[in-house]
Amino acid sequence: MKIVTVIGARPQFIKAAVVSRAIKQKKDVTEVIVHTGQHFDGNMSDIFFEEMEIPKPNYNLNINGLGHGAMTGQMLEKIEAVLLKEKPDWVLVYGDTNSTLAGALAAKKLHIQVAHVEAGLRSFNMKMPEEINRILTDRISDILFCPTETAVKNLHNEGYKNINCKIKNVGDVMQDAALFYSKRSKKPNTEISERFVLCTVHRAENTDNPEAFKNIFEALEEIAIETPVVLPLHPRTRNKLKSLNYNFSSSPITFIEPVGYLEMVWLLQSCQMVMTDSGGLQKEAYFFKKQCLTLREETEWVELVEHGYNTICGSDKEKIISSINEEQSRQNSNFEKEIYGDGSAGIEIIKYLLKL
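Here the sequence shown is numbered in the numbering used here, starting from 391 and rising by one per residue.
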């Protein structure tokens, strides 16, 4: 069996590495990795692949820095050429990027079977490009590998029982990754206080909304006076703060340079709690048994909210401050529930593909 894996961003490489390790255990499975280049990342050097034990891409399409339509269109054209050359049995796509949609669509047009990892997620916010990508990818995939029962229910509610595809809850590949990389974590090369709050802010819905952006940073500054707030600074966030003439030198927030995944794992292991507008970091906070405050109006990971591991704060300054005070004052939550499986998602995915 030959699998072509299409990925385009660093988080997708980490997810795909989980399945690649499972593929290596099977002598009768060959994997060809296609990197679209969607998110140019200077950290993805040879050292990145060696440290993370991730296979290097067989193809790098170098498509980035374009609008959604141009980017997706160029990916579709170039991925199609790869598929015509490689003639795989399956195309494997991850998550909800333009690379995900382009890979699935290119394969489907060539009548190649598509498997979507992280299927069934919904924010129910159609203004998010990711929501459009994941819905369309789900609809044309042959196998939908869901990370949770909530994702399965979303698909059933949308009538997928009447569509010719298979739905399988295999657990979350990021749970596998957290277990694998937790023993390889690295402290960032910077001074960090003990008992800190880890924070990330980068989503356009916050950075491009002046009022939301202002409210979030006013809240963070107030919190940082009492409890250290460590914030790896995303380029988009840095540029927005600079455009607002933000005074970094007098801010009580501890800004650090963007970190690699192994350093982020160390920060997650060492922090007191997490505040973020990142979808992935919400889950990773749970994997490392840390409460999370989400700086968005909704989340795809509703089970974290339902079980009390995550609080939706949006950009409401008062709610952010009151929520962190409440979390800091209460007893630690019980993180023993296996919401995202037992860390064997990668193995389950390959076992299921081989059965077919």
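Backbone N, C-alpha and C define an ideal beta-carbon position, used for all residues, glycine too.
Mind listing, in chain order, the continuous alpha helix (DSSP H) runs of no fewer than 4 residues lying wholly within the region 678-702?
Taken in chain order, the complete alpha helix (DSSP H) segments of 4 or more residues contained in the region 678-702 are 692-696.
Going by DSSP, name the residue or residues bridged to Leu482.
Thr395, Ala505
If Met654 sits next to Gln681, beta carbons under 8 Å apart, how far is it from one beta carbon to the other, in whole angstroms?
In fact, because the Cβ distance is near 17 Å, the residues do not count as touching under 8 Å.
According to DSSP, which residues form a beta bridge with Ile615?
Its beta-bridge partners do not exist; DSSP assigns none.
Indicate whether Gln464 and Leu456 have their beta-carbon atoms separated by less than 8 Å.
Result yes, Cβ atoms of Gln464 and Leu456 sit closer than 8 Å.
Specify whether the region 605-613 and the region 700-708 touch according to this definition: at least 3 beta carbon pairs, one from each stretch, less than 8 Å apart.
With a cut-off of 8 Å, the region 700-708 and the region 605-613 count as touching, because enough Cβ pairs lie within range.
I need the straight-line Cα distance from Leu631 to Leu588, nearest angstrom please.
19 Å
Relative to the C-alpha of Tyr730, which candidate in Ile740, His458, Ser583, Val560 has its C-alpha closest?
Val560
Quick check: the Cα distance between Tyr676 and Asp598, rounded to an integer number of angstroms?
28 Å
Taking 8 Å as the cut-off, decide whether the C-beta atoms of Gly650 and Val408 are in contact.
Result no, Cβ atoms of Gly650 and Val408 do not sit closer than 8 Å.
Report yes if the C-beta distance between Leu491 and Thr527 is below 8 Å; otherwise report no.
By the CB criterion at 8 Å, Leu491 and Thr527 fall inside the cutoff.
When the Cβ atoms of the region 497-517 are set against those of the region 542-549, are three or more pairs found closer than 8 Å?
At 8 Å Cβ cutoff, the stretches touch.
Run through DSSP, which three-state label would Thr666 get?
strand
Using the Cα positions of Glu581 and Glu421, report the straight-line distance between them to the nearest angstrom.
41 Å
Per the DSSP calculation, Pro622 is bridged to which residue(s)?
For Pro622, which the question treats as bridged, DSSP gives the partners Ile646.
Could you tell me how far apart the beta carbons of Ala399 and Gln428 are, in whole angstroms, since I believe they sit closer than 8 Å?
6 Å
Contact defined as beta carbons within less than 8 Å: I believe Asp532 pairs with Val504. What is the distance between those atoms, to the nearest angstrom?
About 5 Å separates the beta carbon of Asp532 from that of Val504, a gap short enough to meet the 8 Å contact definition.
In chain order, what residues of the same chain have a beta carbon less than 8 Å from the beta carbon of Ile393, not counting five sequence neighbours either side?
Ile413, Val419, Thr420, Glu421, Val422, Pro478, Asp479, Trp480, Val481, Leu482, Leu743
With distances taken between CB atoms, is the gap from Trp691 to Ser575 smaller than 8 Å?
no
For Ile553, tell me which candidate among Leu534, Met391, Thr426 has the shortest Cα-Cα distance.
Leu534
Is the CB-CB distance between Leu500 and Glu470 below 8 Å?
yes
Taking C-alpha atoms, which residue in His506, Ala594, Asp667, Ala567 lies nearest to Ile555?
Here residue 555 is Cys; the residue named in the question, Ile, does not match the sequence. Of the listed residues, the one whose Cα sits closest to Cys555 is His506.
So who's on the other strand from Cys555, going by DSSP bridges?
Answer is none; Cys555 lacks a bridge partner.
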